[in-house]
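Asks: So that we are looking at the same thing, I have put the structure below in C-alpha cells.
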Amino acid sequence: MGILDLMLGRTAPGEQGVEAKSYTLPKSTHDFVYPIAVRRAELEAFERLLEAEAEESYLDSGDDLQEVLDSVFEEHDVDTEELVDRNRKPRAETEPIVETWREQVSDELGVVYARPGAYSTLLSFVTLCKRRDADGDDPFELPESFPDAVALLERLAEATDDQYRAVVHTDLLPADGH
Numbered sequence: 001m002g003i004l005d006l007m008l009g010r011t012a013p014g015e016q017g018v019e020a021k022s023y024t025l026p027k028s029t030h031d032f033v034y035p036i037a038v039r040r041a042e043l044e045a046f047e048r049l050l051e052a053e054a055e056e057s058y059l060d061s062g063d064d065l066q067e068v069l070d071s072v073f074e075e076h077d078v079d080t081e082e083l084v085d086r087n088r089k090p091r092a093e094t095e096p097i098v099e100t101w102r103e104q105v106s107d108e109l110g111v112v113y114a115r116p117g118a119y120s121t122l123l124s125f126v127t128l129c130k131r132r133d134a135d136g137d138d139p140f141e142l143p144e145s146f147p148d149a150v151a152l153l154e155r156l157a158e159a160t161d162d163q164y165r166a167v168v169h170t171d172l173l174p175a176d177g178h
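Here it is as C-alpha cells:
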C-alpha cells in the first residue's frame with residue numbers, strides 16, 4: 001500500500017477493523033439501541049412532567065364519572081375503567097423509560113440507550129401533556145422545565161431517524177421493552 005492509496009482513502013484489508021470476523025450475541029440478552037446524549041436536567045424535566053400529569057389526573061374512575069358518561073352517551077355503553085386506563089397509558093409507558101435513564105445518568109451529561117419505539121412512547125406522553133395544557137377546562141399546567149423535556153425528545157427524534165444503532169446487554173435497558 002502506497003502513499004497515494006492512503007491519500008485517496010483506500011485501505012488494506014484489516015485496517016478498518018477485523019476482517020471476516022463476526023460475533024453472534026444471544027437475542028435474549030442483547031438488543032439494538034440508539035445511544036443518546038442526555039443532560040440530567042432534561043431527565044429531571046421529564047420526571048417533573050410525569051409528576052405533574054399524575055397529580056392532576058385527567059379522569060378519575062368512579063361512579064360519578066360513569067353517571068356523567070351514561071347521561072351524555074345514553075345510547076352508547078362507555079366503560080369508564082377502559083377510558084381512564086387509555087388516558088393513563090402514555091404516562092405508564094413513559095415512566096419506566098425515564099426511570100431507567102435517570103439511573104444511568106449520574107453526572108450532568110451522560111448517554112442512555114433508547115430502544116426502537118422509545119421516541120413514539122415519549123412523544124405520545126408529551127403530546128398528551130401539551131393537549132391537556134391547552135384545554136381550558138383541565139387544571140393541568142406544563143411545568144417550567146417543559147422545554148428541557150422537549151429538547152431531549154427532539155434529540156431522540158434525530159437519533160432514531162439515523163441508521164446508526166448499537167448492540168447492548170439488556171440489563172442496561174428498561175424492562176418493559178422500550
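Residue numbers for the sequence shown follow my numbering, beginning at 1 and rising by one. Every residue gets a Cβ at the ideal spot worked out from N, C-alpha and C, and that includes glycine.
Just verifying my parser: in three-state terms, what is the DSSP assignment at Asp137?
Replies: Coil, per DSSP.
Asks: Suppose you measure from the CA of Phe125 to the CA of Thr170; what does that come to, to the nearest Å?
Replies: Cα to Cα, the separation comes out at about 24 Å.
Asks: Against chain D, with Cβ distances strictly below 8 Å, would Glu103 count as a contact?
Replies: Absent from the structure: chain D. Only one protein chain is present.
Asks: By DSSP, does Pro147 sit in helix, in strand, or in coil?
Replies: Three-state result, Pro147: helix.
Asks: Considering Cα atoms alone, identify which of Arg40, Thr121, Leu152, Asp161 is closest to Gln104.
Replies: The shortest C-alpha separation from Gln104 is found at Arg40.
Asks: Within the same chain, show all residues whose beta-carbon is closer than 6 Å to that of Ser28, passing over the 5 residues directly before and after it, in chain order.
Replies: Nothing meets the Cβ criterion.
Asks: What distance in whole Å lies between the Cβ atoms of Asp135 and Glu141, which are believed to be in contact at a cut-off of 8 Å?
Replies: No, Glu141 and Asp135 are not in contact; Cβ-Cβ is about 11 Å, not under 8 Å.
Asks: Check each candidate in Trp101, Pro143, Arg115, Asp161 and name the one with the smallest Cα separation from Gln167.
Replies: The question names Gln, but residue 167 is Val in the sequence shown. Residue Arg115 is the option with its Cα nearest to Val167.
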